[in-house]
Amino acid sequence: MRTMRMSTWVWLVAILAAFGLGVIGSQARAAEPARKQLEQRVEVLERKVRLLEDRAAIEKLTRAYGYYIDKKVWDEVVPLFASDATVEISNRGVYRNTSGVERLFKQVIGRGHPGLADGELSNHMVLQGVVDVAPGGQTATGRWRAFIQIGMWQKAALWAEGTYDIRYVKHNGVWQFQYMRWYGTYFAPYDKGWAKQSFSNNAPSTEHAPDAPPSSPYDSYPGHYVPP
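See the structure below:
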């Protein structure tokens, strides 16, 4: 009699255990879609965070470029560009690779003199940035504007403004400039302003010639040009 009761209890426990496992399995199967949805959502959010971090790094890179240009710190400017970069500033022509970038900034724009001279002003404020990072997170595009004040104490001063069209590339986790084109909107003397006088757009240097002529010459103020 006792053996029969024990056997009955064993069967009852087995049935309850099987039922419990069935319930747990059913709950697990029901929870699977919710788990997959959560994983997908986490993946999407992680991708968005990476793109935001990339955009922040690119914006910092571009603003740092403006600050270095302010003080003509060319040894800090050149490393911001990829080794195979292409740069075109105004109508000065196309400069390629590290040697061309260095020649453009140090010799053409800097005229062979690093840093600011006494009484010299060279403000280069980079503004209104719009940056788009490619889905892969390895390339990006940017559109910025530069408002410029250039002057020499008691000698001359001018205003300038223009649009930057930039392509960025990430090398070993670090963002750099891959392509840069700056379209000067106007160049005007400080005392007369853009209403009364405008300087002509820059021309290619004969002493430190570009690697190629201007890719697409354009007209600056009082003419106008809309960068593509």
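Last residue of the sequence shown: 227 (numbering that gives the first Met the number 0), numbering continuous.
Heads up, the beta-carbon is just placed ideally off N, CA and C, and yes, glycines get one too.
Output the boundary residues of the alpha helix (DSSP H) element that contains residue 96.
Run containing residue 96: 96-101, per the alpha helix (DSSP H) assignment.
Relative to the C-alpha of residue 204, which residue among 66, 87, 73, 35 is closest?
Closest by alpha carbon: 87.
Of the choices 146, 167, 54, 103, whose alpha-carbon is the least far from that of residue 69?
For the residues 146, 167, 54, 103, the minimum Cα distance to residue 69 belongs to 146.
Where do the N-terminal and C-terminal ends of the beta strand (DSSP E) with residue 164 fall, by residue?
Looking at the DSSP string, the run of the beta strand (DSSP E) that includes residue 164 is 155-170.
Grab me the residues of residue 119's own chain with a C-beta within less than 8 Å of its C-beta, minus the 5 sequence neighbours each way, in chain order.
Within the same chain, residue 119 has close Cβ partners 150, 151, 152.
Please identify the residue among 53, 142, 157 whose C-alpha is closest to the C-alpha of residue 166.
Comparing Cα positions, the closest option is 142.
Just the C-alpha distance for residue 97 and residue 49, rounded to the nearest angstrom, thanks.
Cα to Cα, the separation comes out at about 29 Å.
So the alpha helix (DSSP H) residue 193 belongs to, where does it begin and stop?
Unbroken run through residue 193: none, as it is neither H nor E.
Count the other CB atoms, across all protein chains shown, that sit within 10 Å of the CB of residue 209; report buried if there are 16 or more and exposed otherwise.
Its Cβ being crowded by 16 or more others within 10 Å, residue 209 is buried.
DSSP has residue 129 in a bridge; who is on the other side?
Answer is 142.
When every heavy atom of the ligand NAP is checked, does at least one fall within less than 8 Å of the C-beta of residue 96?
Within the structure as shown, the ligand NAP is missing, as the structure has no ligands at all.
Can you look up residue 150 in the DSSP assignment and give me helix, strand or coil?
Note: residue 150 maps to strand in three-state DSSP.
From the DSSP secondary-structure annotation, give me the bridge partner or partners of residue 235.
In the structure as shown, the chain starts at 0 and stops at 227, and residue 235 therefore has no counterpart that could be examined.
How do the stretch 70-86 and the stretch 186-202 stand: do at least 3 beta-carbon pairs fall below 8 Å, yes or no?
Contact fails: fewer than three Cβ-Cβ distances are below 8 Å.
When the Cα of residue 71 is compared with those of 121, 81, 95, which residue comes out closest?
Answer by Cα proximity: 121.
Taking the alpha helix (DSSP H) that residue 76 falls in, what are its first and last residues?
Here the alpha helix (DSSP H) through residue 76 covers 73-76.
Quick one: residues in its chain with C-beta nearer than 7 Å to the C-beta of residue 176, no 5 flanking neighbours on either side, listed in chain order?
If we look at residue 176 and ignore the five residues flanking it on each side, its Cβ neighbours are 79, 80, 81, 84, 165, 167.
Out of 33, 212, 34, which one is the CA nearest neighbour of residue 91?
Ranking 33, 212, 34 by Cα distance to residue 91 puts 212 first.
Measure from the alpha carbon of residue 53 to the alpha carbon of each residue in 156, 112, 140, then state which is nearest.
The candidate whose alpha carbon is nearest that of residue 53 is 140.
Under the DSSP definition of a beta bridge, which residues are partnered with residue 68?
Looking at the DSSP assignment, residue 68 forms no beta bridge with any residue, so it has no partner.
Could you check the C-alpha separation between residue 156 and residue 112 for me, to the nearest Å?
In a straight line, the C-alpha of residue 156 is about 19 Å away from that of residue 112.
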